[in-house]
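> Protein sequence lines, in the order shown, are assigned to chains A and B. Quick note on numbering: the first sequence equals residues 240 to 541 in the working numbering. Quick note on numbering: the second sequence equals residues -17 to 255 in the working numbering. Ideal Cβ positions, reconstructed from N, Cα and C, are used throughout, including at glycine.
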Amino acid sequence: MQNTTIVETHGLTKRYGSGVLAVDSVDMSVRRGEVYGFLGPNGAGKTTTLRMLVGLIRPTSGTATVAGHTPGSPAGLAKIGSLIESPGFYPYLSGRENLKVIADLASVDQKRVEEVLDIVELRSRAGRKFGTYSTGMKQRLGVAAALLKDPELLILDEPSNGLDPQGMAEMRKLIKDIGQGDRTVLLSSHLLGEIEQICDRVGVISNGHLVQQSTVQELVGEEGVLVRAQPIDQAQELLTRMFGPAAISRQDGTVHIKTSPENTADINRQLVGAGVGVSELRPYEKSLEEVFFQLTGEKQGS
Amino acid sequence: MIATIKAEWRKNHFRPVFLVSSGLIGAITVLVYALTWYQALHPVAGDRRAVSILTLYPDQFVNNVMGAAFPLGAAMAIVVGAIYAGSEFPWGTVKTMFTQGPGRLTVWAGRLVVFTLWMGIMTLVLFVIGAASSVVIVSFQSAAISWPAAVDVAKGIGAIWLIFAVNGTIGLALGVLIRQSAAALGIGLIYVLAVEVIAVRFIDSINSGAYKWVTDLFVNQNATALTQAFTSPVFGPSSQAVVGAEHAVLVLMAYGVGLAVVAAGLLRLRDVT
Chain A
240 MQNTTIVETH GLTKRYGSGV LAVDSVDMSV RRGEVYGFLG PNGAGKTTTL RMLVGLIRPT
300 SGTATVAGHT PGSPAGLAKI GSLIESPGFY PYLSGRENLK VIADLASVDQ KRVEEVLDIV
360 ELRSRAGRKF GTYSTGMKQR LGVAAALLKD PELLILDEPS NGLDPQGMAE MRKLIKDIGQ
420 GDRTVLLSSH LLGEIEQICD RVGVISNGHL VQQSTVQELV GEEGVLVRAQ PIDQAQELLT
480 RMFGPAAISR QDGTVHIKTS PENTADINRQ LVGAGVGVSE LRPYEKSLEE VFFQLTGEKQ
540 GS
Chain B
-17 MIATIKAEWR KNHFRPVFLV SSGLIGAITV LVYALTWYQA LHPVAGDRRA VSILTLYPDQ
43 FVNNVMGAAF PLGAAMAIVV GAIYAGSEFP WGTVKTMFTQ GPGRLTVWAG RLVVFTLWMG
103 IMTLVLFVIG AASSVVIVSF QSAAISWPAA VDVAKGIGAI WLIFAVNGTI GLALGVLIRQ
163 SAAALGIGLI YVLAVEVIAV RFIDSINSGA YKWVTDLFVN QNATALTQAF TSPVFGPSSQ
223 AVVGAEHAVL VLMAYGVGLA VVAAGLLRLR DVT
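(1) Check for me: the alpha helix (DSSP H) holding A/ILE358 runs from which residue to which?
(2) At what residues does the beta strand (DSSP E) containing A/LEU426 begin and finish?
(3) Secondary structure at B/SER4, three-state DSSP: helix, strand or coil?
(4) In chain A, what lies closer than 8 Å to B/MET(-17) by C-beta?
(5) So A/PRO522 is in the beta strand (DSSP E); what residue range does that whole segment cover?
(6) What did DSSP end up calling A/ASP263 once you bin it into helix, strand or coil?
(7) Can you pull the DSSP bridge partners for A/THR252?
(8) May I have the straight-line CA-CA distance separating A/LYS285 from A/VAL466, to the nearest angstrom?
(9) With 16 as the cutoff for other CB atoms within 10 Å, does B/PHE122 come out buried or exposed?
(10) Please go through the same chain and pick out, in chain order, the residues whose beta-carbon is closer than 7 Å to the beta-carbon of B/LEU94, but skip the five residues on each side of it.
(11) Return the chain-ordered list of same chain residues with a C-beta closer than 8 Å to the C-beta of A/MET240, the five sequence neighbours on each side being excluded.
(12) Since B/LEU38 contacts B/TRP19 with CB under 8 Å, what's their CB separation in whole angstroms?
(13) Just to confirm the assignment, what range does the beta strand (DSSP E) spanning A/ALA468 have?
(14) What are the start and end residues of the alpha helix (DSSP H) that includes A/TYR329?
(15) Select from A/SER268, A/LEU387, A/MET376, A/TYR329 the residue whose C-alpha is nearest the C-alpha of A/ILE319.
(16) Kindly list, in the order they appear in chain B, the residues whose Cβ is closer than 7 Å to that of A/TYR343.
(17) Measuring CB to CB, does A/VAL450 end up less than 9 Å from A/VAL459?
(18) Using the Cβ count rule (16 or more neighbours within 10 Å means buried), how would you classify A/SER541?
(19) Does B/TRP100 come within less than 9 Å of chain A when only Cβ atoms are used?
(20) Would you mind stating whether A/GLU462 and A/PRO500 have Cβ atoms separated by less than 9 Å?
(21) Please list the terminal residues of the continuous alpha helix (DSSP H) segment that includes B/GLN210.
(22) Go through its chain and collect everything with a Cβ distance to A/ARG489's Cβ below 7 Å, but skip five positions before and after it.
(23) Please go through the same chain and pick out, in chain order, the residues whose beta-carbon is closer than 6 Å to the beta-carbon of A/ARG480, but skip the five residues on each side of it.
(24) From B/ASP198, B/GLU228, B/ALA126, pick the residue whose C-alpha is nearest to that of B/ARG183; which is it?
(25) Would you list the residues sitting across from A/ASP396 in a DSSP beta bridge?
(26) Could you name the residues of chain A that B/ARG(-3) contacts, counting a contact when the two beta carbons are closer than 9 Å?
(27) Taking C-beta pairs closer than 9 Å, name the residues in chain B that A/VAL293 reaches, listed in chain order.
(28) Closer than 8 Å by C-beta to A/ALA261: which residues in its own chain qualify, once you throw out the five before and the five after it? Chain order, please.
(29) Around the C-beta of B/ILE60, are 16 or more other C-beta atoms found within 10 angstroms, so that it is buried, or is it exposed?
(30) Taking the alpha-carbon positions, what's the B/ASP186 to A/SER346 distance?
(31) Out of B/LEU234, B/GLN203, B/VAL239, which one is the CA nearest neighbour of B/THR224?
(32) Assuming A/THR244 contacts A/VAL269 (C-beta within less than 8 Å), just tell me the rounded distance between them.
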């Protein structure tokens, strides 16, 4: 069960009439039961990819299978709940009435409306018109609508967009909760912390290309040891002899060694024994942010 | 299909645009009756437009209501159609509707059914208020109430319902084509109130009306003809209709079906971005 895929794309491509290549040959695979993070900077092609998965946009080429069906087919859509970009509701209807409309359309029992309102903690304000909702309430109503069908696959496109820090934390908790059990969640975001905290596996998209797909751990890579010492060249020479040149890199006046943190004491002993002054020696792990910027070619702080 | 009709009805039965347009068409009917009544009671000597109060009695209400319904009611139907279809795009509700399960054409079909139903409700409001207004007048005049034959009332309702539905479909199709309501209703109104009128005059003037067959295919030429095509005295004295009732009904139905199919094609084939 865990290893079967619920979303599979091969060479999925979308070129708009204007010539813009929004998504380029994406091969993506989401496993059943996982929370999959779809990570990429703004304009990378995340939303276009997700729109293709729910059948709102037709791909220019390539294939996709979602919940065992062609994207957009009624049988497939019956198993998918989605919130694509901003939530789309009727402003003159209340939150509850909006959900009832969707329940009618999806042939879902009206009782389910109150259940999903409870899940997103919106029941007390469900009688208010959607047009009067705050951004956070709108997003939560969007998640409630996506949950109405009790879907096998939940596709959420940047659900934290426009939320304040409190709202973002609440949304993260909500997604964690609804991602428990057998349900698969495909979550797109450009917020690294959100992806790191919630997701089992991650796909990174940049300029329309899926540049990496792996677990968060695999993405962050091997752990290592960081050394700050004087003279740094002597320290690097010694460490290269100990671990080999492939394991050594130099960044911002420090030497990074791809090795187990268990070797920290031995490294310290060798450096001090060779007369090198060690001012900092500690295990390190690359942050998802570093990896993200490496993969997408974006500059940190830009 | 039943699911989409239920959903469309739920979201539209209290929709402001339908309630306001129904109220407005009712108010216009009352106003037309009130002004005509005043005119009939206060005739100006020598005025050739003098109105006989007898034309405001219940046996003539179908004729009066049809006068109020077209072209003002038809223009209102375009506005309602444009808002109904066009507003779904900026609200983002198109993507919500298209990702729930029923196919795009099923959603569209459900929407057409509910819209046509609302056009029927608007027509009934018009006729009920027209009938009530005529009863008020006849009561004040202490005259006997006599009603037109049921078949004439049914014919009138059918004609106006068709005219509202077809003009509404113009609004719907423009809303789908332009993907917003403001421009759609603007273009629809300009077409009905100006472009078609000018085009008909121009084409009919060419070569002593040699191309009149072209204008006989224009939507509101046929709508006008339909309102004038009834020969029963119930419908009052009417000018000579440019085409027959059967021709008018066929052309109007062709417009309604054709526009609905074009809009369905656009919804089916276009990306929802």
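To lay it out plainly:
(1) Position 119 of the first sequence, counted from the first residue, corresponds to residue 358 of chain A. Note, A/ILE358: alpha helix (DSSP H), 350 to 358.
(2) Indexing the first sequence from 1 puts residue 426 of chain A at position 187. Element bounds for A/LEU426: 423 to 428.
(3) In the second sequence, residue 4 of chain B corresponds to position 22, counting from 1. Here B/SER4 sits in helix by DSSP.
(4) Within the second sequence, the letter at position 1 stands for residue -17 of chain B. Neighbours of B/MET(-17) on chain A: none; closest Cβ ~11 Å, over 8 Å.
(5) One-based indexing of the first sequence puts residue 522 of chain A at position 283. A/PRO522 -> beta strand (DSSP E) spans 516 to 523.
(6) In the first sequence, counting from the first residue as 1, residue 263 of chain A sits at position 24. It is a strand residue.
(7) For the purposes of this step, residue 252 of chain A is taken as the residue at position 13 of the first sequence. Looking at the DSSP assignment, A/THR252 forms a beta bridge with A/SER300.
(8) On the first sequence, residue 285 of chain A is found 46 positions in, with the first residue counted as 1. On the first sequence, residue 466 of chain A is found 227 positions in, with the first residue counted as 1. If you take the alpha carbons of A/LYS285 and A/VAL466, they lie about 38 Å apart.
(9) Counted from its first residue, the second sequence places residue 122 of chain B at position 140. By the neighbour-count rule (16 or more Cβ atoms within 10 Å), B/PHE122 is not buried but exposed.
(10) The residue you call residue 94 of chain B lines up with position 112 of the second sequence. Taken in chain order, the residues that qualify are ALA242.
(11) What you label residue 240 of chain A is simply residue 1 of the first sequence in a count that begins at 1. Note that A/MET240 has pLDDT 44, beneath the 50 cutoff, so the model's placement of it is unreliable and no number is given.
(12) As a first step, residue 38 of chain B must be located in the second sequence, where it is residue number 56. As a first step, residue 19 of chain B must be located in the second sequence, where it is residue number 37. With a Cβ gap of about 6 Å, B/LEU38 and B/TRP19 count as contacting.
(13) In the first sequence, the residue the question calls residue 468 of chain A occupies position 229. Per DSSP, A/ALA468 belongs to the beta strand (DSSP E) from 463 to 469.
(14) As a working mapping, residue 329 of chain A is identified with position 90 in the first sequence. Where A/TYR329 is concerned, there is no enclosing alpha helix (DSSP H), given that its DSSP letter is neither H nor E.
(15) For the purposes of this step, residue 319 of chain A is taken as residue 80 along the first sequence, with counting starting at 1. Per the Cα distances, A/LEU387.
(16) Here the question's residue 343 of chain A lines up with position 104 in the first sequence. Before going on, a small fix: residue 343 of chain A reads as Asp here, not Tyr. Correct list: ALA(-15), LYS(-12), ALA(-11), ARG(-8).
(17) Taking the first residue of the first sequence as position 1, residue 450 of chain A is located at position 211. Taking the first residue of the first sequence as position 1, residue 459 of chain A is located at position 220. Contact flag unset, no.
(18) Within the first sequence, residue 541 of chain A is the residue found at index 302, counting from 1. Only weak support exists for where A/SER541 lies, its pLDDT of 45 falling under 50; the coordinates are left without a value.
(19) Here residue 100 of chain B refers to the residue found at position 118 of the second sequence. Not closer than 9 Å to any Cβ of chain A, the Cβ of B/TRP100 fails to qualify, so no.
(20) As a position in the first sequence, residue 462 of chain A is number 223, starting the count at 1. As a position in the first sequence, residue 500 of chain A is number 261, starting the count at 1. Contact: yes.
(21) As a position in the second sequence, residue 210 of chain B is number 228, starting the count at 1. From DSSP, the alpha helix (DSSP H) with B/GLN210 extends over 201 to 210.
(22) For the purposes of this step, residue 489 of chain A is identified with residue 250 of the first sequence, where counting begins at 1. These residues qualify, in order along the chain: GLN475.
(23) Walking along the first sequence from the start, residue 480 of chain A turns up at place 241. Closer than 6 Å at the Cβ level, and outside the excluded window around A/ARG480, lies no residue.
(24) Here residue 183 of chain B refers to the residue found at position 201 when the second sequence is read from its first residue. Closest by alpha carbon: B/ASP198.
(25) Working through the first sequence from its first residue, we reach residue 396 of chain A at position 157. A/SER427.
(26) Taking the second sequence and counting its residues from 1, one reaches residue -3 of chain B at position 15. Within chain A, the residues near B/ARG(-3) are TYR329, TYR331, LEU332.
(27) Numbered from 1 along the first sequence, position 54 holds the residue referred to as residue 293 of chain A. What A/VAL293 touches in chain B: LYS77, PHE80, THR81.
(28) The count along the first sequence starts at 1 and reaches residue 261 of chain A at position 22. Closer than 8 Å at the Cβ level, and outside the excluded window around A/ALA261, lie LYS253, ARG254, TYR255, GLY284, THR287, GLY447.
(29) Position 78 of the second sequence, counted from the first residue, corresponds to residue 60 of chain B. With 16 or more Cβ atoms within 10 Å of its Cβ, B/ILE60 is classed as buried.
(30) Here the question's residue 186 of chain B lines up with position 204 in the second sequence. Here the question's residue 346 of chain A lines up with position 107 in the first sequence. Each residue's Cα considered, the two are about 53 Å apart.
(31) By 1-based counting over the second sequence, the position of residue 224 of chain B is 242. Note that residue 224 of chain B corresponds to Val in the displayed sequence, not to Thr. Answer by Cα proximity: B/GLN203.
(32) On the first sequence, residue 244 of chain A is found 5 positions in, with the first residue counted as 1. On the first sequence, residue 269 of chain A is found 30 positions in, with the first residue counted as 1. Between A/VAL269 and A/THR244 the Cβ distance is about 6 Å, and since that is below 8 Å, they are a contact.
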